Amino acid sequence: MRNKRKDMSEERLMSIAIEEAYSGMKNGHGGPFGAVIVMSGEVLAAAHNTVLKDNDPTRHAEISAISAAARKRRTYDLSGCVIYSTTEPCPMCFSAIHWARIERMIYGTDIEDVGKLGFNELVIPAAGMKQAGNSSVDIRGGFMRHECEQLLKFWESLPEKRVY
514 MRNKRKDMSE ERLMSIAIEE AYSGMKNGHG GPFGAVIVMS GEVLAAAHNT
564 VLKDNDPTRH AEISAISAAA RKRRTYDLSG CVIYSTTEPC PMCFSAIHWA
614 RIERMIYGTD IEDVGKLGFN ELVIPAAGMK QAGNSSVDIR GGFMRHECEQ
664 LLKFWESLPE KRVY
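Just so we're aligned: 676 in the numbering used here is position 163 of the sequence shown, and the numbers increase by one with no gaps anywhere.
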C-alpha cells in the first residue's frame, strides 16, 4: 500500500480518502466518493468510486476498499479495521461494512447531501441501518465535513458530471 506509517492522524487518513475521491472525479471514474480502510494505523486499502469507469453500480468506494483490504489480508474478516468514507455509506456499503466486521466507520457528509445532488440514493441513514440490523459497527459522522463538502462542490462544477 502507498503508506504504511503507523502514526497517521485521523485527519490524514480522511485526507487520503478525499484525495482518492478527487482522483476518481478528475479521471471521470464516478462521483465524489473516496474510502480508506486502516488497521492498527496501517492503510490496508484506499479507493474511489468507479461506477462510471466500470459500468458497475456496485463499484462504490467503500466496496472497492473492502475488496482490496480483504484480498490483502486474505480474509473476509476485517475485525479491528476502521473505514474512513467521504460520505455516509449507502445501505449496500453499510451492509458490506457490517458483513466484513469492520469495527468503526467514520464519514464526512451525510447521505442526504448527495441525494440532493441527484444521486439515486436510498436515503436510509447508517444509524438506522445499525439499529434495524442490530449491528455493532461504531459510527461517527460529520468528520471533516467541510472538506468533504468541498468534494461535492467540486463535482458540481464539473462540466461533464453524471449522476447515477
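Even for Gly, the Cβ is constructed at its ideal location relative to N, Cα and C. Just so you know, these numbers come straight off a predicted model, no measurement behind them.
Helix, strand or coil for Arg515? Go by DSSP, reduced to three states.
To locate residue 515, count along the sequence shown from 1; it is residue 2. Unreliable positioning characterises Arg515 in this predicted model, as indicated by a pLDDT of 46, which lies under 50. The coordinate reading is nonetheless provided below. Looking at Arg515 - three-state DSSP - the assignment turns out to be coil, as it is neither helix nor strand.
What did DSSP end up calling Ser670 once you bin it into helix, strand or coil?
Taking the first residue of the sequence shown as 1, we reach residue 670 at position 157. It is helical.
Could you tell me the boundaries of the beta strand (DSSP E) in which Asp651 lies?
What you label residue 651 is simply residue 138 of the sequence shown in a count that begins at 1. Start and end: 651-653.
Please report the Cβ distance between Gly543 and Asn562, rounded to the nearest whole angstrom; I am assuming they are in contact, meaning their Cβ atoms lie under 8 Å.
As a position in the sequence shown, residue 543 is number 30, starting the count at 1. As a position in the sequence shown, residue 562 is number 49, starting the count at 1. Going by Cβ atoms, the distance from Gly543 to Asn562 rounds to 3 Å, so yes, they are a contact pair.
Suppose you measure from the CA of Arg584 to the CA of Ser577; what does that come to, to the nearest Å?
For the purposes of this step, residue 584 is taken as the residue at position 71 of the sequence shown. For the purposes of this step, residue 577 is taken as the residue at position 64 of the sequence shown. In a straight line, the C-alpha of Arg584 is about 11 Å away from that of Ser577.
Does DSSP classify Tyr535 as helix, strand or coil?
On the sequence shown, position 22 is the one that residue 535 refers to. Looking at Tyr535 - three-state DSSP - the assignment turns out to be helix.
Kindly indicate which three-state DSSP category Gly547 falls into: helix, strand or coil?
As a position in the sequence shown, residue 547 is number 34, starting the count at 1. Strand, per DSSP.
How should Pro545 be labelled, buried or exposed, when 16 other C-beta atoms within 10 angstroms of its C-beta is the threshold for buried?
On the sequence shown, position 32 is the one that residue 545 refers to. Classification of Pro545: buried, given that the 10 Å Cβ count is 16 or more.
Roughly how far, in whole angstroms, is the beta-carbon of Ser592 from the beta-carbon of Arg614, given that I think they are within contact range, below 8 Å?
As a position in the sequence shown, residue 592 is number 79, starting the count at 1. As a position in the sequence shown, residue 614 is number 101, starting the count at 1. That pair is a contact at about 5 Å.
When DSSP labels each residue in this structure, what does Leu635 get in the three-state scheme?
Numbered from 1 along the sequence shown, position 122 holds the residue referred to as residue 635. Three-state result, Leu635: coil.
Near Asp537, what residues of its chain come up, given a Cβ to Cβ distance below 6 Å and the 5 sequence neighbours on each side ignored?
To locate residue 537, count along the sequence shown from 1; it is residue 24. Per the sequence shown, residue 537 should be read as Gly rather than Asp. If we look at Gly537 and ignore the five residues flanking it on each side, its Cβ neighbours are Gly543, His561, Asn562.
Is it right to say Arg515 is buried, meaning 16 or more other beta carbons lie within 10 angstroms of its own, or is it exposed?
Looking up residue 515 in the sequence shown gives position 2. Its pLDDT being 46, under 50, Arg515 is placed unreliably by the model, and nothing is read from it.
Within a Cβ cutoff of 7 Å, which residues of the same chain sit near Ile624, ignoring the five residues on either side of it in sequence?
Taking the sequence shown and counting its residues from 1, one reaches residue 624 at position 111. Taken in chain order, the residues that qualify are Thr600, Glu601, Cys603, Glu634, Val636, Pro638.
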